[in-house]
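Participant: The structure follows.
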């Protein structure tokens, strides 16, 4: 740690001298700790560290006191406290609430092994109980009387065996905890036992595992707990960042310290100025805010005033200062929840001009992420446009940390699978005391599980008769309103449901010669069977007790639809077309080609009948889900389903681009619609599978392999009996195999890839480039299974020779086959030379064809570096080549590109093989991990790989075992969550954690992990797999370390037998196991000999 204690103190003093801490709000803090003594042994109290903390607090002019240190700065005038240092009890009285203004605000209790021994001494409990009883007896007599009695009691007890001054403090702290809700006790664990021996400690979350490496980190944690206001927290964060910067310097001068202080003060000044500017704008009514509601205001919004009043009292962020409140509007589909949310959004905007308002549809994951991405772009969130960024996490963090109030409206929060299971969108909701979240949902239990308090769930029922009448009469002529009886009957038929009423009103307004009575007659004249047909599969229809409720929307829609069909056939066709898409954010560009004027007229007609709703984006619109369901039913019943399905698929095939980073804004808009269409039974024609591939590629681009797998399997099922299926099916099978391999499911991937290859051979021939790609993929899948290395090599050589024959040696496909062969050969030690030769050839040819800076060339350089790493004497060349690749990728692709981060990761792995370069390896691994978290998200497989690598590096350093365990545990838990307990990567993380525990001599805990790892690897990989043998070996070592030599011997004998069978008697690994077994047998023999002679 280059930063010395004296330098750290100078850094702190620089901020204190600038009055960043020494203001009147600084809390008084008492330090409780046990002192070092010869009886307990040096270092077991960690008093040296506590003294450092006191010096650091002194440096920032903190008002700090302990039993032997008086208050440094009085709360009244900033002068030295007159209390004599030697009068310990006077200082200790400051712990009691009875001391009034002299009572300290915060108490930091440093738990140590010595303090634990004091507390568990037989004298201690009796002393604490007697002192507390004495205090209770005299506290009503006043402070001075109490102090006098307590002083006499302590002076009498201090000569008894077992007394220590810290016991008085423990007693006072128990009294403080009992007498004060805001006791301000901050426990710090210095010994690893969570201070469970102290009754007044509820929870300890501040730990010091390594005083040399984590001292400053813990000090900053303490400052954050001691100081409460934003100004001090900002100062703490800045000093912590500057401290990290200084620790990275090799040599620190006084000038460096001064420069960092000035830099920090400048940053704090900018932060303060920014907040002042914000407050000024707020006072002037010019708050920087965003209004991201994708709908215009409904100027004809009717009634609901009681609901609006409740909402306007609850949802503005200012309504609750100490929390981020959650409110829900609950009700049946079509009851008007979204319209209420839109209206309340505009009212909050008008009444709270400093409040930003954001709108997010939760109908599916794609729409949710797209809305979050737009919010992130509006907020300027760093990394939001990166291809594989965790958009949900980034926006959650941005809103949680943003300055200023906001209201987040989550509309259509109905899908429990995406809200509460799987990815759990509930975990991606922001929290800020200046924020508020409003949900609309059909389900009461969803609102409850979204942690909305029961009192804040507002249920929306059908409209009142007066409100329904006003809504129906909007925009109608007086001549249409004359029959009040017909109006009442119609509203009863429509069950006062806003959607049905609005559709009826829109029809009447468009047909001024039709009265309410005429409309009612048309509704009542429809056949009941037709009602049933059109309302089949309505969502939540069982919630209505009156069967007529189901039919009202369908009846209203049928009348309107027939009218549209008669007068604007293009509008009717559009309605049929869009009913097969997702209902939200439908791009106009997906509609069938048409004259622009006629398209505008058709859309205007659909808006007039309330079948679609405008968004703020003029190029997109929404369709109500109930209208969509009714329209789909109509298509089925009128035998037009297949016709329109083909039209929609054909249009998406034309418009959906090949997904890449440049057109991400386009295909992310199309993705939910592509998925919606492909979910339709019979939607996929075997001759028209472009949409399948592009949609699945979109998921793969986003790292959502399971979604891509589901889509390919669905397509295979849909097309299994269609003629002419062979070639498209082969492509689908190949892509499915790649996705399965990416998920670590190698046996399934092999089976599927074999099917793809055989189909391709049959349809296209063995020499077709596509067949050779499939062959190469199969070789790669074989290579994942060690016992199939021979097959992998054979298939890969065949693919390479055929590529050379068909495409030529310089073709990219041929070079890729060469690289694949080199990687496969690397797995066989005696073929490393050939692997290197093949890879060098591919690299040189690629340089010749594309140049050294081409991404393909850099990929082959990276491959060659990995191959060289396998030969110890070539580590230097491997490192040099990897550094060159990294620098070129930084130049060509940028430091945050996934390929650049892969090179950083590879260089770190190479450096770990050289003991003297462990420090650089660790630093590089930490940098890679942080960048991958930023670019890909913490749960991305590559991020978890970096986390795993860091844990391995730290495990090799004895003094970093604690941090290594923490990192290994985090990697393991995340891999369990993302990949499942049986995934090979999860088992690797389990094994790494077990190794770490063994290094800490926690052999029993390690054994409890080694055994299930072995069981799972035997189940998943087989008993002869190298990873299984590694697990057996680790368990054998563990048993030996526990002194269970007989069990270890039996395990080593099994390993030796298996290695002889799989690798042969002369393989280095086999010989090494034989030596270990011989060593154990000789030790056992020697031990037995000693026993016999005793």
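In UniProt numbering, the protein residues as written are 1 to 1094. All residues carry an ideal CB built from backbone N, CA and C; glycine is no exception. Keep in mind it's a predicted model, so treat the numbers as computed, not measured.
Check this for me: beta carbons of residue 47 and residue 13, under 8 Å apart or not?
Facilitator: Going by C-beta atoms, residue 47 is not nearer than 8 Å to residue 13.
Participant: Give me whichever residues DSSP pairs with residue 439 in a beta bridge.
Facilitator: According to DSSP, which records beta bridges pairwise, residue 439 is partnered with 328 and 410.
Participant: Return the CA-CA distance between residue 98 and residue 176, expressed in angstroms with no decimal places.
Facilitator: Spanning the two alpha carbons is a distance of roughly 9 Å.
Participant: Relative to the C-alpha of residue 94, which candidate in 52, 117 and 144 has its C-alpha closest?
Facilitator: Nearest option by C-alpha distance: 144.
Participant: Decide if residue 327 is buried, meaning its Cβ has at least 16 other Cβ atoms within 10 Å, or exposed.
Facilitator: Its Cβ being crowded by 16 or more others within 10 Å, residue 327 is buried.
Participant: Give the DSSP-derived three-state secondary structure of residue 666 in the structure shown.
Facilitator: Helix.
Participant: Under the three-state reduction of DSSP, which class applies to residue 623: helix, strand or coil?
Facilitator: Residue 623 falls in the strand class under three-state DSSP.
Participant: With the cut-off set at 8 Å, would you say residue 347 and residue 379 are in Cβ contact?
Facilitator: Not in contact: residue 347 and residue 379 (Cβ atoms no closer than 8 Å).
Participant: What number of angstroms, rounded off, separates the C-alpha of residue 855 from the C-alpha of residue 863?
Facilitator: Near 12 Å, if we compare the C-alpha coordinates of residue 863 and residue 855.
Participant: At which residue ranges does the segment 173-257 contain complete beta strand (DSSP E) runs of 3 or more residues, listed in the order of the chain?
Facilitator: For the segment 173-257, whole beta strand (DSSP E) runs of length 3 or above, ordered along the chain, are 185-189.
Participant: So the alpha helix (DSSP H) residue 946 belongs to, where does it begin and stop?
Facilitator: Counting along the chain, the alpha helix (DSSP H) containing residue 946 begins and ends at 941-955.
Participant: Sort 841, 822 and 307 by Cα distance to residue 870 and report the nearest one.
Facilitator: Nearest of 841, 822 and 307 to residue 870, Cα basis: 822.
Participant: Buried or exposed: where does residue 679 fall if 16 or more other Cβ atoms within 10 Å of its Cβ makes it buried?
Facilitator: With fewer than 16 Cβ atoms within 10 Å of its Cβ, residue 679 is classed as exposed.
Participant: Which runs of the beta strand (DSSP E) at least 3 residues long sit entirely within the segment 880-945? Give them in chain order.
Facilitator: Within the segment 880-945, no complete beta strand (DSSP E) run reaches 3 residues.
Participant: Excluding the five sequence neighbours on either side, which residues of its own chain have a C-beta within less than 6 Å of the C-beta of residue 549, listed in chain order?
Facilitator: For residue 549, the predicted structure reports a pLDDT of 33, less than 50, and the residue's modelled location is therefore unreliable. The matter cannot be settled from this model.
Participant: Where does residue 66 sit, in a helix, a strand or coil, going by DSSP?
Facilitator: Residue state, collapsed to three classes: strand.
Participant: Express the C-alpha separation of residue 451 and residue 444 in angstroms, rounding to a whole number.
Facilitator: Spanning the two alpha carbons is a distance of roughly 11 Å.
Participant: How long is the line joining the alpha carbons of residue 713 and residue 676, rounded to whole angstroms?
Facilitator: Rounded to whole angstroms, residue 713 to residue 676 spans 15 Å at the Cα level.
Participant: By DSSP, does residue 459 sit in helix, in strand, or in coil?
Facilitator: Strand.
Participant: Short of 7 Å in beta carbon distance, which residues of its chain neighbour residue 874, apart from the five on each side in sequence? Order them along the chain.
Facilitator: Within the same chain, residue 874 has close Cβ partners 868.
Participant: One question on the structure: do residue 107 and residue 184 come within less than 8 Å of each other, judged by their Cβ atoms?
Facilitator: Yes, these two residues count as a Cβ contact at 8 Å.
Participant: Taking the alpha carbon of residue 800 as the reference point, which residue from 815, 1000 and 791 has its own alpha carbon closest?
Facilitator: Cα-wise, what sits closest to residue 800 is 815.
Participant: Between the Cα of residue 301 and those of 501, 711, 1003 and 835, spot the shortest distance and give me the residue it belongs to.
Facilitator: Answer by Cα proximity: 501.
Participant: Can you tell me where the beta strand (DSSP E) holding residue 106 begins and where it ends?
Facilitator: From DSSP, the beta strand (DSSP E) with residue 106 extends over 106-111.
Participant: In three-state terms, what does DSSP make of residue 2?
Facilitator: Residue state, collapsed to three classes: coil.
Participant: Could you tell me whether the Cβ atoms of residue 104 and residue 29 are closer together than 8 Å?
Facilitator: Against a cut-off of 8 Å, the Cβ pair of residue 29 and residue 104 comes out as a contact.
Participant: Please state whether DSSP places residue 1012 in a helix, a strand or coil.
Facilitator: Helix.
Participant: According to DSSP, simplified to helix, strand and coil, what is residue 434?
Facilitator: Looking at residue 434 - three-state DSSP - the assignment turns out to be coil, as it is neither helix nor strand.
Participant: Would you list the residues sitting across from residue 360 in a DSSP beta bridge?
Facilitator: In DSSP, residue 360 forms a bridge with 410.
Participant: Where does residue 1068 land, buried or exposed, given buried means 16+ other C-beta within 10 angstroms?
Facilitator: The residue is exposed, with fewer than 16 neighbouring Cβ atoms inside 10 Å.
Participant: My parser needs the alpha helix (DSSP H) runs of 4 or more residues fully inside the segment 1013-1046; what are they?
Facilitator: Those alpha helix (DSSP H) runs which fall completely within the segment 1013-1046 and span 4+ residues are 1026-1041.
Participant: For the alpha helix (DSSP H) that contains residue 785, what are its first and last residues?
Facilitator: Residue 785 -> no alpha helix (DSSP H), and no H or E assigned at all.
Participant: Where do the ends of the alpha helix (DSSP H) carrying residue 826 lie?
Facilitator: Taken as a continuous stretch (DSSP letters only), the alpha helix (DSSP H) holding residue 826 covers 812-826.
Participant: Do you know offhand how far residue 580's Cα is from residue 910's?
Facilitator: Taking the straight line joining both Cα atoms gives about 53 Å.
Participant: Is residue 26 helix, strand or coil when you go by DSSP?
Facilitator: Coil, per DSSP.
Participant: Going by DSSP, name the residue or residues bridged to residue 292.
Facilitator: Looking at the DSSP assignment, residue 292 forms a beta bridge with 358.
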